[in-house]
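Undergrad: In full-length UniProt numbering, the protein residues as written are 1 to 280. Backbone N, C-alpha and C fix where the C-beta goes; we use that ideal spot for every residue, glycine too. Before I ask anything, let me first share the structure, which is written out below as structure tokens.
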Amino acid sequence: MTRIAFLDVDGTILEHGSAIAPSTVTAVRKARENGHLVWLCTGRSAGDIHPDVRAIGFDGAITNGGAYADRDGELVVEHPMPRADVETLERYFEGHGIHYFLQTHDAVFASAGMDAVMRDFRRARAEWRAAELRERGLPAEEPLWREPRPVSEVDRDVVAKAVFVSSADDTVAHAAATLGEGFFVIPGSMPLPGGSNGEIGQAGVDKGSAILEVLALLGRDPADAIGIGDSWNDVEMFEVVGTPVAMGNAMPELQRLAGRVTTAVLDDGVHNAFAELGLI
1 MTRIAFLDVD
11 GTILEHGSAI
21 APSTVTAVRK
31 ARENGHLVWL
41 CTGRSAGDIH
51 PDVRAIGFDG
61 AITNGGAYAD
71 RDGELVVEHP
81 MPRADVETLE
91 RYFEGHGIHY
101 FLQTHDAVFA
111 SAGMDAVMRD
121 FRRARAEWRA
131 AELRERGLPA
141 EEPLWREPRP
151 VSEVDRDVVA
161 KAVFVSSADD
171 TVAHAAATLG
181 EGFFVIPGSM
191 PLPGGSNGEI
201 GQAGVDKGSA
211 ILEVLALLGR
221 DPADAIGIGD
231 SWNDVEMFEV
241 VGTPVAMGNA
251 MPELQRLAGR
261 VTTAVLDDGV
271 HNAFAELGLI
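Right, here's the structure in full:
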């Protein structure tokens, strides 16, 4: 039986930078040679996926946390946020002094002040990542950072989601309570030294909903699908696929939700999951 696997990017294929376990590349390519389908399933915009990830080769990609999906250059899922909701988010962020990105299918747009926040984050992250890679005997990474465009340039009719960074520890909960049921608010995965970060999309648009649309398009049964991830935006993916798999580096709560756990991202996690499930 051929199967379809959906893979998260950051923390699953990519170790939150540019380091990819060589076994992951081998596993994805071998699974596809064996007739299985492998799709990306990421919170990133299509234009923000690291080129080394793209170079592995995939059958399609769900991006922006489920708002968009493309196959062979054609959009097959397209659910931008209503313009009024985008404007509501911007008023909320600006009213509370929160820095943010707005994502479209192919670009990222930053609010004033976000560049400084991310510059400090990248500098601190580069220092501990260099030490970690040396310990693992891995080559130094070349992180991809595409400078975001100013938020003033965004087309608010095609925004997929927002990503925010706040100095307050409780912004995820506060945003969820304040914005209401029309929005989908989850914790982010940026390892910042303080405050909080998260993602906000429209309710009902998530990785799980996009997977179901893709499977319907392909005539595939969700029971035969595999989903591998490590973050809170992977929960809905775990809920709809027949075989959810959490990475070894995922939080314990996510590992319990998945029920099946592989090894960590740089410890051959994807390869080991594919081998255990018979894809390679």
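Distance check for residue 134 and residue 206, CA to CA, integer angstroms please.
TA: Between residue 206 and residue 134, the C-alpha separation is close to 36 Å.
Undergrad: Given a threshold of 16 other Cβ atoms within 10 Å of its Cβ, counted over all protein chains shown, does residue 81 qualify as buried or as exposed?
TA: Under this definition residue 81 is a buried residue.
Undergrad: Can you tell me which of the three DSSP states residue 197 falls into?
TA: In this structure, residue 197 counts as strand in the three-state DSSP scheme.
Undergrad: Can you tell me which residues form a DSSP beta bridge with residue 74?
TA: Note: residue 74 sits in a beta bridge opposite 71.
Undergrad: If contacts are defined as beta-carbon pairs under 8 Å, then residue 294 and residue 99 qualify, I think. What distance do you get, rounded to the angstrom?
TA: Limits of the chain in this structure are 1 at one end and 280 at the other, which puts residue 294 out of reach.
Undergrad: For residue 77 versus residue 84, is the C-beta spacing smaller than 8 Å?
TA: Cβ atoms of residue 77 and residue 84: not closer than 8 Å.
Undergrad: Determine the direct distance from the alpha carbon of residue 195 to that of residue 170, and round the result to whole angstroms.
TA: So the alpha carbons of these two residues sit roughly 8 Å apart.
Undergrad: Looking at the structure shown, is residue 83 part of a helix, part of a strand, or coil, going by DSSP?
TA: Helix at residue 83.
Undergrad: Check the DSSP bridge columns for residue 100 and list the partner residues they point to.
TA: Beta-bridge pairing links residue 100 to 164.
Undergrad: Confirm, please, whether the CB-CB distance from residue 62 to residue 214 is below 8 Å.
TA: Against a cut-off of 8 Å, the Cβ pair of residue 62 and residue 214 comes out as a contact.
Undergrad: Considering only residues of the same chain and omitting the five flanking positions on each side of residue 188, which have a CB-CB separation below 7 Å?
TA: These residues qualify, in order along the chain: 163, 197, 198 and 199.
Undergrad: If you reduce the DSSP assignment to three classes, tell me which class residue 7 lands in.
TA: DSSP places residue 7 in strand when its eight states are reduced to three.
Undergrad: Using three-state DSSP, classify residue 117 as helix, strand or coil.
TA: The answer is helix: DSSP assigns residue 117 an H, G or I state.
Undergrad: Can you tell me whether residue 217 is buried or exposed, with buried defined as 16 or more other CB within 10 angstroms of its CB?
TA: By the 10 Å Cβ count, residue 217 comes out exposed.
Undergrad: Who are the near neighbours of residue 280 in its chain, counting only those whose CB is closer than 7 Å to its CB and skipping five residues on each side?
TA: Here the set comprises 27, 30, 31, 34 and 274.
Undergrad: Based on Cα-Cα distance, which residue from 104, 149 and 88 lies nearest to residue 285?
TA: Here the chain has residues from 1 to 280 only, and residue 285 is not among them.
Undergrad: Going by DSSP, name the residue or residues bridged to residue 150.
TA: DSSP, once it has assigned bridges, lists 110 as partnering residue 150.
Undergrad: Take residue 266 as the anchor and find which of 13, 1 and 3 has the nearest alpha-carbon.
TA: Nearest C-alpha to residue 266: 13.
Undergrad: Specify the secondary structure class of residue 43 as computed by DSSP and reduced to three states.
TA: Of the three classes helix, strand and coil, the one that applies to residue 43 here is coil, per DSSP.
Undergrad: Just curious, the beta strand (DSSP E) that residue 225 is in, first and last residue?
TA: Start and end: 225-229.
Undergrad: Quick one: what does DSSP say residue 89 is sitting in, helix, strand or coil?
TA: Reduced to three states, the DSSP call for residue 89 is helix.
Undergrad: How many whole angstroms separate the CB atoms of residue 65 and residue 43, which I take to be in contact at a CB cut-off of 8 Å?
TA: Between residue 43 and residue 65 the Cβ distance is about 4 Å, and since that is below 8 Å, they are a contact.
Undergrad: When you compare the CB positions of residue 153 and residue 101, do they come within less than 8 Å of one another, or not?
TA: Result no, Cβ atoms of residue 153 and residue 101 do not sit closer than 8 Å.
Undergrad: Tell me whether residue 116 is buried or exposed, calling it buried when 16 or more other Cβ atoms sit within 10 Å of its Cβ.
TA: With fewer than 16 other Cβ atoms within 10 Å, it is exposed.
Undergrad: Given a threshold of 16 other Cβ atoms within 10 Å of its Cβ, counted over all protein chains shown, does residue 75 qualify as buried or as exposed?
TA: By the 10 Å Cβ count, residue 75 comes out exposed.
Undergrad: Can you tell me which of 253, 246 and 53 puts its alpha carbon nearest to the alpha carbon of residue 260?
TA: Closest option to residue 260, Cα to Cα, is 246.
Undergrad: For residue 246, which three-state DSSP category applies?
TA: Correct three-state label for residue 246: strand.
Undergrad: Quick check on DSSP: helix, strand or coil for residue 49?
TA: DSSP places residue 49 in coil when its eight states are reduced to three.
Undergrad: First and last residue of the beta strand (DSSP E) that includes residue 61?
TA: It spans 60-63 - the beta strand (DSSP E) in which residue 61 sits, taken as one unbroken run.
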